[in-house]
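Enquirer: Residue numbers (the numbering used here): 98 to 311.
The C-beta atom is built at its ideal place from N, Cα and C for all residues, glycine as well.
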Ligand code: 5GP
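#1: Would you check whether ligand 1 has a heavy atom nearer than 7 Å to the C-beta of residue 184?
#2: Any heavy atom of ligand 1 closer than 7 Å to the CB of residue 187?
#3: Between the stretch 103-123 and the stretch 251-262, do three or more beta carbon pairs fall short of 8 Å?
#4: Please check the pair residue 223 and residue 113, which I expect to be a contact at CB under 8 Å, by giving their CB distance rounded to whole angstroms.
#5: Start and end of the beta strand (DSSP E) containing residue 183?
#6: Could you name each continuous alpha helix (DSSP H) segment of 4 residues or more that falls completely within the stretch 204-283, going from the start of the chain to the end?
#7: Excluding sequence positions up to five away, which residues of its chain have a Cβ less than 8 Å from the Cβ of residue 126?
#8: Can you find the residues in the same chain that come closer than 6 Å, C-beta to C-beta, to residue 187, ignoring five residues on each side of it along the sequence?
#9: Under the criterion of a Cβ to heavy atom distance below 7 Å, does residue 164 qualify as lining ligand 1?
#10: Relative to the alpha-carbon of residue 210, which residue among 179, 175 and 197 has its alpha-carbon at the smallest distance?
#11: Nearest CA to the CA of residue 202: which residue from 287, 139 and 303?
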């Protein structure tokens, strides 16, 4: 292990509030002294209200997406509700090497693909308090047709059992609390023995050396 950043995978059913939790955590990261970045995914789905190209996603055509697959520009990708979603490779490695941690907001399938390449990644699953709340949130964001809402709920029912293999589970009732908890997880993981053990030798090497006075 070295002082590379940490990959933090955040998954959860559509409308579980994971996007809001993640953006609130990013706003609070400086105050919490956590160096963390957000990986912006690429998608072929249409842009929703309150979404911004280059901030929520990079919105691209199917042809562009398939070119990125062919050029090996994606760490992982998946199709969901007939649309592609994927994680661009370029920025991820740069941030990790610079020591920043990176949050990947991706589905369980993408999480599996990332874990194969980065087994040390930490996984966090965001659970909604109930399906009633999930349906309410899906309807109030007014983005999907009735058919897509039904699809997303059924997909959530199929996907939630996958939370069993995640490292952490956050039940998202209060955004502020979930955001704080997410930052706590990142902080604790950065200080876990397996990640920071290299420091022991670094400190031991300073034994007996002359004291530096400035
Ligand atoms: P939504 O359309 O609600 O924004 O996202 C639909 C699903 O795609 C969510 O489960 C979301 O986590 C997932 N997703 C978003 N970006 C990516 C990505 O880059 N890769 C993968 N595998 N899934 C993603």
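Expert: This is what the structure holds:
#1: In the chain shown, residue 184 corresponds to position 87, counting from 1. Checking every heavy atom of ligand 1 against the Cβ of residue 184, one is found closer than 7 Å.
#2: Your numbering for residue 187 matches position 90 in the chain shown. No.
#3: yes
#4: If you number the chain shown from 1, residue 223 lands on position 126. If you number the chain shown from 1, residue 113 lands on position 16. That belief holds up - the Cβ atoms of residue 223 and residue 113 are roughly 5 Å apart, short of 8 Å.
#5: Numbered from its first residue, the chain shown carries residue 183 at position 86. Where residue 183 is concerned, the enclosing beta strand (DSSP E) stretches over 180-185.
#6: Along the stretch 204-283, the alpha helix (DSSP H) occurs as fully enclosed runs of 4 or more residues at 205-214, 228-237 and 243-256, listed in sequence order.
#7: Reading the chain shown from its first residue, position 29 is the one you call residue 126. Excluding positions up to five away in sequence, the list reads 132, 133 and 280.
#8: Mapped onto the chain shown, residue 187 falls at position 90. Around residue 187: no qualifying Cβ.
#9: Taking the chain shown and counting its residues from 1, one reaches residue 164 at position 67. Residue 164: no, Cβ never under 7 Å from ligand 1.
#10: Working through the chain shown from its first residue, we reach residue 210 at position 113. Sorting 179, 175 and 197 by C-alpha distance to the C-alpha of residue 210 places 175 at the top.
#11: Start at 1 with the first residue of the chain shown, and residue 202 comes out as number 105. For residue 202, the nearest C-alpha among the options comes from 139.
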